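Heads up: the structure comes next, in structure tokens.
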Amino acid sequence: QQPVQSPQAVILREGEDAVINCSSSKALYSVHWYRQKHGEAPVFLMILLKGGEQKGHDKISASFNEKKQQSSLYLTASQLSYSGTYFCGTDISNSGYALNFGKGTSLLVTP
Amino acid sequence: DVKVTQSSRYLVKRTGEKVFLECVQDMDHENMFWYRQDPGLGLRLIYFSYDVKMKEKGDIPEGYSVSREKKERFSLILESASTNQTSMYLCASTPLGTLGEQYFGPGTRLTVT
């Protein structure tokens, strides 16, 4: 039930864009995105709901394709502070909180 | 400011010991979770609780049990620690009935020797 994230790792220069993908083999009710910096706890970025509603970060955008059971996180004009590991969490039970997290995508932004 | 605290940042235990990991949240959240995080495997849910004395198994409950006697406290118990339980353990909480963020604690890095 663990969603699949791609790529596993990406290195960017400051100002470049990146896309992180998350796909599930099961129907999704919502997709949640978190970022974890080295040595810190994961921090919530965004939630995407069936029907298109989004809640979260104002500088990071995401999409949710319900039919394809996929979500993508878009990091535009990346900043050094974007470095970290990004996790998607998928809700397949409509509980709204019991999530299955992917293995993570490591993002490094260099000067 | 919301807060989830965990009893220890680092813990070293011997094989066969009984281990208690404690998590406390001060946000009056109904839902609490225990995850373990291993390199290359991401976050895997061990157990969660949606109310006092209620618990549900996650994806990897084997070798673990939990206790929730008070709303603010959720304990993870390793009845007989083994070396393959060496990991980072993260606790999280979220309010009931919201599609919102999980608040994570700082984690406990457990080493079983």
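Sequence lines, in order, name chains D and W. Per this note's numbering, the first sequence starts with residue 1348, numbered consecutively. Per this note's numbering, the second sequence starts with residue 9, numbered consecutively. Where a beta carbon is used, it is the ideal one built from N, C-alpha and C, also for glycine. Note that this is a predicted model, so its numbers are computed, not measured.
Could you work out which residue in the options is closest to residue i when comparing CA atoms only?
i       : options                            : result
W/T4    : W/Q33, W/R117, W/N92, W/D46        : The structure shown does not extend to residue 4 of chain W, since chain W spans only 9 to 121, so no value can be given for it.
W/A100  : W/R117, W/K21, W/V27, W/E38        : W/E38
W/W42   : W/I54, W/K65, W/G71                : W/I54
W/T119  : W/V12, W/S75, W/K11, W/R17         : W/R17
W/V32   : W/K79, W/I85, W/V74, W/E109        : W/K79
D/W1380 : D/L1420, D/S1440, D/Q1426, D/L1455 : D/L1420
By a C-beta neighbour count over all protein chains shown, 10 Å radius and 16 as the cutoff for buried, is residue i buried or exposed?
i       : result
W/L104  : exposed
W/M35   : exposed
D/K1450 : buried
D/S1353 : exposed
D/G1362 : exposed
D/I1358 : exposed
In angstroms with no decimal places, state the Cα-to-Cα distance between residue i and residue j.
i       : j       : result
D/H1311 : D/V1378 : Any answer about residue 1311 of chain D is impossible in this case: the structure gives chain D only from 1348 up to 1458.
D/N1412 : D/S1418 : 6 Å
D/Y1376 : W/T94   : 33 Å
D/Q1407 : D/G1431 : A small correction: the amino acid at residue 1407 of chain D is Ile; Gln does not occupy that position in the sequence shown. Roughly 14 Å between the two C-alpha positions.
W/L51   : W/T121  : 23 Å
W/V12   : D/K1414 : 36 Å
W/D67   : W/K21   : 24 Å
Identify the continuous beta strand (DSSP E) that holds residue i and give its terminal residues.
i       : result
W/G50   : 50-57
W/K78   : 73-78
W/K21   : 18-21
D/A1356 : 1356-1360
Next item on the list: Count the CB pairs spanning the segment 1429-1438 of chain D and the segment 1364-1383 of chain D that are closer than 8 Å, and state whether there are at least three.
Entry: yes
Item checked: At least 3 beta-carbon pairs within less than 8 Å: the segment 78-90 of chain W vs the segment 24-33 of chain W -> yes
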